[in-house]
Each structure stands twice: as structure tokens, then as C-alpha cells.
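So in numbering that gives the first Met the number 0, spot 157 of the sequence shown is number 156, and the numbers just go up one at a time.
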Amino acid sequence: MAATLLETARQYAAQQDFLAAAIVRYYAESSEVLRLLQFSDISGNAISYDVLESMPDVGFRAINEGYSESTAVWKKEMEALMIAGGDLDVDVALVSMFPESDLRTQQELFKVRALSLAWTTAFFKGMNSADGRQMNGLQVRLGDEENELVINGNGALSLTNLDRLISRVDNPTHLFMDEELKLKLQAASRNTDIAGFITFTPDEFGRQVVRYQGLPIIGLKNDNARRRILGFTESNPKGSGNNFTSVYCVAFRPMGLVGIQNKPIEVRRLGEINDKPAFRSRVEWYSSFAMFSNCAARLMGISDNYVVA
């Protein structure tokens, strides 16, 4: 059964495994994608699943006529788990000199946060052909304009194109975009031509959430290398320049867009290493994500201009 990482953290806490609960919770809270995406645990290193390619034919008939037999066509998809993580060393002397500050735990949490942000970048921008150790992200999986799930905005973000984007996804749940573009949408809510379409509602913690057509708008900032995850750095296929961005509409749900993992992220303390006086910890996670039919779409070619109706 699929569950969010925050739900997994609560399960660990209920089992009184508080270290695992803290790690998983911090990992999820470091990325909006990982906070919202549901994950299914799988055995082995890959999952095989079917995606609907075409519906069966149906029709009308006259008396004494028959029907032409047909069935739905399914396409077999395979998604392999990717191994992501890293090692960190903390000098034995520092651990002894500053025991109250728990430097080792602090460094482990920084490593967990870095992995969370790097995974988020790969979720959108990953390219297995460039790095065989990395999963393909949404940009690769959705392809280009020949795919009906990709729209070229070719200019300023418009609510019309945003409507078209949302219509391509079955039961959508969220919109993802660069934080700067989200701020432009918020500013557009003060425009009398646009006001009313963009709304602000409190979440379960009382924080204001920006929504369009009822969908939460998630603004993404920098990754672990301090690069914009969805910044204005993309090329425009119908023009020149490399200062465009994309908006993604997703359906985070079972049988939609769902994460897969062999087990939750873990931090292993390996003890003192031989080649230098330092304690080593290893952060590692075996994961990827699967896409069923019409669970994500991309609006690309958006310039850094004011939002229009």
C-alpha cells in the first residue's frame, strides 16, 4: 500500500524507532515533492506494470448483426530502482572535543537534506542517457511537443495554457513551478482581469496555500548545488534563447504518479575507518517513481514575464 514518507515516519514513531522516524521525516520535509509523493515498497530491484495504451472498440449494431471483437491494449513498462546516497566523515577529535553539539548527527542531517534536494532535481530533470546511474525525470519521460502531454507556452505564462495543462491530467493533485513564477502568479491575483481564479486557502497548519483551479501551487527553489530546480534556464523549441522554464501538473496518487522504494532512506554508522581517524556514516536510498496513464503533463517555453489571462 502506498504511503507518504511522513506517514512512514509516523509508523516508525509508533514502533518507537525514533531515529528512523526522525531521518525519514527530515528527508520528506526537505523537499515538497518528497513530502507529497506516495511511495510503494517493492521487493527486488525493479517493478513491472501495465499502462493503458488504447481503449477497446465499441459500436452500435442492427438486428441480426454482430459486434467486432476487440480488447484494450496495454503497454508493459519497467522501472528500476536507482541507488542514491553518499558517505560523510567526521574527525574523531571533533567528536571528542564537542560531544554536546553532536556534530556527527548534524552532518548526517545535512547529507539527508542534500540527497532530498538532489532526488527532487532528478525527479524533474534526470537523464539516464547522460548518467546511467540516474533515473529519467519528468522532462525526459514526457518528451517533446509531439506528446499530447506536452504544451509549448511560447511566451508569458497564460491562464489559458494553464487550463490546457491541467486538462491533460486525470484527477490532478498539484502544480509545480519555479518559485519566481509562483510569485508572479500571486502578483497576478491583484490584477482585476485575473483576480478570482487564483485563490489562497490555509492548510492544516494555518499556512496560506496558493491554488489555481483548486490545485496547490508548489514553488521550487534551489537544489543541493544551489541551482534552480525549475529555473529559467531551458531552451524554447519555437524560438531562441535559454531563459525559459516549465510548469508541471501531476497526479500524486496510486495508479497515477507514485514513488517506489525497496525500503525507506537509511543512515548507517560504519564506525572509525582505517585510513584516517574519522567516523564514517553512509546515507543511502533505493528508489525511483512509476507513471501510469495521464498522470503528468508539462507546459514548457514559459518566459520570465508577467502572467496574462
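From the three backbone atoms N, C-alpha and C, an ideal C-beta is built for every residue, glycine too.
Supposed contact pair residue j and residue i - C-beta distance, whole angstroms, cut 8 Å
i	j	result
Leu114	Trp284	7 Å
Leu102	Val91	Rounded, the Cβ-Cβ distance is 11 Å, inconsistent with contact.
Leu298	Ile62	The pair is not a contact, with the Cβ atoms about 50 Å apart (cut-off 8 Å).
Leu51	Trp73	6 Å
Asn44	Ala79	6 Å
Ile264	Ile46	That belief does not hold up - the Cβ atoms of Ile264 and Ile46 are roughly 18 Å apart, past 8 Å.
Ile216	Asp222	About 19 Å; that fails the 8 Å criterion.
Tyr48	Ala289	6 Å
Lys110	Gly85	6 Å
Own chain residues within Cβ distance below 8 Å of residue i, not counting five before or after
i	result
Asn153	Asn235, Lys237, Gly238 and Gly300
Pro309	The question about residue 309 has no answer here: the residues shown for the chain are numbered 0 through 308.
Ser292	Val50, Leu51 and Asp169
Leu214	Ile165, Pro171, Thr172, His173, Leu174 and Cys248
Nonlocal neighbours in the same chain, by C-beta distance under 6 Å from residue i, ignoring five residues either side
i	result
Glu107	Val266 and Ser280
Val306	Leu156, Lys183, Leu184 and Ala187
Phe122	Val32 and Gly136
Phe38	Gly258 and Gln260
Thr3	Gln37
Ala308	Leu158, Asp192 and Ile193
Lys220	Glu178
Endpoints, the alpha helix (DSSP H) within which residue i is located
i	result
Ala186	Glu178 to Ala187
Gln106	Leu102 to Lys124
Ser95	Val91 to Met96
Leu137	Leu137 to Leu141
Glu6	Leu4 to Ala13
Residue i - partner residues in DSSP beta bridges
i	result
Tyr247	Phe175 and Arg297
Gly84	Glu283
Val257	Ala289
Ala19	BP columns for Ala19 are empty, so no partner.
Gly154	Ile301
Ala277	Asp90
Asp130	DSSP output for Asp130 lists no bridge partner at all.
Gly240	Gly240 pairs with nothing; no bridge assigned.
Element boundaries [beta strand (DSSP E), containing residue i]
i	result
Glu31	Unbroken run through Glu31 is the alpha helix (DSSP H), Glu31 to Leu35; no beta strand (DSSP E).
Ala45	Ala45 to Ser53
Glu76	Val72 to Ala79
Beta-carbon contacts of residue i that lie in its chain and below 7 Å, excluding the five residues immediately before and after
i	result
Gln212	Ile165
Phe196	Leu158 and Tyr211
**Asked** Can you list the beta strand (DSSP E) stretches of 3 or more residues lying completely in the segment 199 to 231, in chain order?
**Response** 207 to 211 and 214 to 219
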